[in-house]
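In the numbering used here, the protein residues as written are 216 to 953. A short worksheet on the structure shown next.
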Amino acid sequence: MRFRNVWLAWMLMLSSLDAAELGFEPEDCVGLVLGGGGARGAAHIGVLKVLERERVPVCWVAGTSMGAIVGGYYAAGYRAEEIERIIRAVDWRDVFNDDPPRSDISIRRKQDALTFPVDSEAGFGPDGLRLPRGLIQGQKLSLLLRRDLSGIEYGGDFDRLPIPFRAVATDLVNGQAVVLDRGELAQAVRASMSVPAVFQPLRVNGHLLVDGGVSDNVPVQVVRAMGATRLIVVDVGAGYLKEEELTSPVAVSLQVITALMQRQTNVSLASLSAADVLIQPQLGDIGSASFDRAADAIPLGEAAAVAQLQEIRRYSVDAPRYAAWAKAHEPRPAPLTRVDFLRVSDARSQTAGLVERRLAHLVGQAFDAATLEHEIGRIYGDGRYERIVWSPVHEDGRQGLSIVPIDKGWGPNFLRVAFTFDDNLEGRSGYQLSTDFSVTGLNRYGGEWRTRVDLGRQTGLGSEFFQPLGEKGQYYLAPFAGFDTRNQLLRANRQAIAEYQVERYRLGVEAGWDPDPHWRLYGGAAVGRNWIGRRVGSNEVPAALGADYSRVYLGLVRDTLDSSDFPSAGSRVSLRHSFFLPAFGNADDGQVLGLTWDHALSRGRGTWLYGLRIHSATERNQSLEELGFLGGLANLSGFGDRDLVGDQAVLGRLINYWRLDDASKLATVPIYAGFSIETGNVWDGVEAVSLDSLILAGSVFVGVDTFLGPLFFGYGRNSDDADSLYLSFRPFIRRVEE
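See below:
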């Protein structure tokens, strides 16, 4: 019993000593090299679990790409099981989607997505068109890394981390390896895994950085330069594709890149000596992009390390010495507990003032990383920024936040293009090409000028200046002007009797309040002139009509849909009431009420979308502004877009669609198949409305959620014996004013 007590006392005494006091020398420690390999790099965690079980003290770490992530966490003081929990909990599909959930994006952007459902954009300016340098900006990945790695005290020097660390990246300009040994740990790790063309490059210390795998995928010499004489090297490279897999230009390009990377890797591995251990996990078909299977690589990495236990145990130390090493390498927390001040940099953003206003309410509050990320996500969701970076600041006993909003590098002027097409199988077809030009950052508080040009069925030009107002930009003022012209069918007794050319001119201003991302209350006033002229058709209808109009309107929108393209949950209600004013130039007085409602319910892969649309004018007058339109896929299928026109319109519909692809896969293009059942009609005058005259319609379709918006190919037919083929990028959900 006495011996056991003495032994326990000796253990406790040893555990209170640091590594230096125990006489740790470079030859007592191991340098750890963690290579790049994308999702395959999760195997590093399995190796770390074995090193910890075998009591192998690691005194230097360097990593590339995913190896930099695992190595950065380990160097910051996280143990293998903690890193494993983090990796398993990550929703990689969400991390690789920069946008916040649709429920968190601004109501303005939700409205824009319905009018112009195109996610991709290009910048434009005097030097021509500019495209993003990566498909993913890495906003959510950066937030994840900062959440976990920003609470460690190391003074910006990676040698002062619990374990000295290096991250390897590549200078995109000259192709040389850049070894990051200081600065922000989260930023260094993020830079190291900036896969070219996938992630946006990061600018760090004057270098434009991409993935370190391009220049040094297994950084053996980096760890040697840190002082290590014995190395454990983990190589998780994917290797070459087989000849039968080289079936596309993309595959060939990847093979060339792999060859270049492997050449440097071979040089690094050839430099290993008998004192070093090389571990190459057999990861089978887990590819570098298979992040949905990243957790599967962990036990495979563990198995590869267990297979070399005899070699690894050469570096093991006894329990007391390992306990002392572990204590000496515990993290030194520097948590942010409150927000005493806020600093928003305007060095890389023209709208820093708007960001400052929207985050000002955090000052004086207890710090909560989830709250901060949520607020940053909502701001990022406005679509103005490439990234929004935060970091803690400690000075003079005060704690604060440094916020760096970074405007999109391909802006501030943006261009989007959309296209639609339909054919009625009887020789009548139409197309619509639309372009949206946006000039952003016109002032510190987010003013922007947007111009839209339409060609095809409808030709027009419209322009709007949008200015956020209020402490958080929750109010707005938006003057607008424009004109458009299109050909419009006129039907009577289920037959087309004429086709008119319609011209509309408008000038107005709108103001509104967006209390949260779900609601908008707005009002506006507009004046304009409409003109119609008969192109072909019966002489029994007027040859030409023209009228001025003036109106004021009030409206509200509540939008909780999870997607504007293929919603699976939530609802959207849009209501607008317009008043026409003869005193200001309108031909007649009158009112128009418009309502749209859509609600989505899902179970498994299937979704039901219920919808209702009502348009009702209380008085007949000469203004085209009183008219409602129906026609198009799932909008009284069988007819062409806006083929039916009247001052009364009703549409009820039920749409069902099923997702065909495997939604569990990380990289997939969503494909749907479905059908719709609809009923509705248009009438001239309230007295003409009749249930007996309702038209039944239906459609079948295939839809693809593309970067250009939702693409539909479908066929529709109705009880008026009209049918159409559709090829369209137009979403099911429409705004009340359409």
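All C-beta atoms, glycine included, are put in the ideal place defined by N, C-alpha and C.
I need the straight-line Cα distance from residue i to residue j, nearest angstrom please.
i      : j      : result
Phe339 : Tyr600 : 16 Å
Val262 : Gly252 : 15 Å
Leu940 : Pro683 : 42 Å
Pro946 : Tyr768 : 25 Å
Ser905 : Asn312 : 48 Å
Leu942 : Leu417 : 39 Å
Gly809 : Gly421 : 55 Å
Phe927 : Gly819 : 22 Å
Arg719 : Arg744 : 6 Å
Val413 : Asp314 : 15 Å
Leu776 : Ile829 : 20 Å
Ser644 : Phe636 : 7 Å
Ala567 : Val559 : 6 Å
Ala912 : Arg749 : 29 Å
Val410 : Ala693 : 40 Å
Ala539 : Glu610 : 32 Å
Thr921 : Phe794 : 39 Å
Glu952 : Thr330 : 10 Å
Met281 : Ala581 : 33 Å
Val388 : Val915 : 51 Å
Trp182 : Phe681 : Because the chain is modelled from 216 through 953, residue 182 falls outside the range shown and cannot be assessed.
Leu722 : Leu569 : 28 Å
Met408 : Ala283 : 8 Å
Leu364 : Ala401 : 6 Å
CB of residue i to nearest heavy atom of the ligand MN: below 7 Å?
i      : result
Gln710 : Only the bare structure without any ligand can be found here, which leaves the ligand MN out of the picture.
Just tell me which of the options has its CA closest to the CA of residue i.
i      : options                        : result
Pro332 : Leu356, Ser778, Pro627, Val245 : Ser778
Ile948 : Tyr872, Gly855, Arg787, Leu851 : Arg787
Glu840 : Ser653, Arg791, Ile886         : Arg791
Leu630 : His609, Asp597, Arg665, Arg613 : Arg665
Ser617 : Gly671, Leu648, Ala888, Asp561 : Asp561
Gln703 : Phe854, Phe927, Asp597         : Phe854
Val865 : Val897, Pro885, Phe928         : Val897
Arg508 : Glu269, Leu722, Arg255, Ala520 : Arg255
Gly353 : Pro316, Ala295, Arg602         : Arg602
Glu517 : Arg558, Arg268, Leu827         : Arg268
Asp731 : Ala878, Gly861, Leu771         : Leu771
Ala328 : Arg672, Val632, Tyr737, Asp856 : Val632
Gly805 : Leu400, Asp938, Trp812, Leu796 : Leu796
Ser503 : Val919, Ser789, Gly250         : Gly250
List the endpoints of the continuous alpha helix (DSSP H) containing residue i.
i      : result
Arg213 : Outside the shown range of the chain, which is 216 to 953, sits residue 213, and nothing can be said about it.
Glu571 : 567 to 574
Arg820 : It is not in any alpha helix (DSSP H) - Arg820 carries neither H nor E in the DSSP assignment.
His733 : His733 -> no alpha helix (DSSP H), and no H or E assigned at all.
Arg593 : 584 to 595
Glu296 : 295 to 304
Ala538 : 534 to 543
Ala957 : Missing from the structure shown is residue 957; the chain here goes from 216 to 953 and no further.
Which first and last residues belong to the beta strand (DSSP E) in which residue i is found?
i      : result
Gly902 : Per the sequence shown, the amino acid found at residue 902 is Glu instead of Gly. It is not in any beta strand (DSSP E) - Glu902 carries neither H nor E in the DSSP assignment.
Asp938 : 938 to 943
Pro607 : 600 to 610
Trp873 : 863 to 874
Tyr646 : 644 to 654
Inspect the beta-carbon positions of residue i and residue j and report whether they are closer than 8 Å.
i      : j      : result
Gln863 : Ser831 : yes
Pro627 : Thr650 : no
Ala384 : Leu446 : no
Val578 : Val554 : yes
Ala290 : Val276 : yes
Tyr887 : Leu875 : yes
Leu848 : Gly929 : yes
Ile302 : Ile351 : no
Gly442 : Gln477 : no
Arg324 : Gly598 : yes
Gly821 : Asn871 : yes
Trp605 : Pro347 : no
Gly739 : Ala758 : no
Gly371 : Gly398 : yes
Asp992 : Gly592 : The first residue shown for the chain is 216 and the last is 953, placing residue 992 beyond what the model contains.
Pro546 : Gly246 : no
Would you please verify whether the beta carbon of residue i is less than 8 Å from any beta carbon of chain D?
i      : result
Thr883 : Looking at the structure shown, chain D is missing, and only one protein chain is on hand.
In chain order, which continuous runs of the beta strand (DSSP E) of length 3 or greater are located wholly inside the region 344 to 376? 349 to 351
Which runs of the alpha helix (DSSP H) spanning at least 4 residues fall entirely within the region 494 to 528, listed in chain order? 512 to 521, 524 to 527
May I have a chain-ordered list of the beta strand (DSSP E) segments no shorter than 3 residues that lie completely inside the region 377 to 438? 380 to 386, 392 to 395, 412 to 414, 417 to 419, 422 to 426
Residue ranges of each alpha helix (DSSP H) run of no fewer than 4 residues wholly in the region 304 to 328, ordered along the chain? 307 to 310
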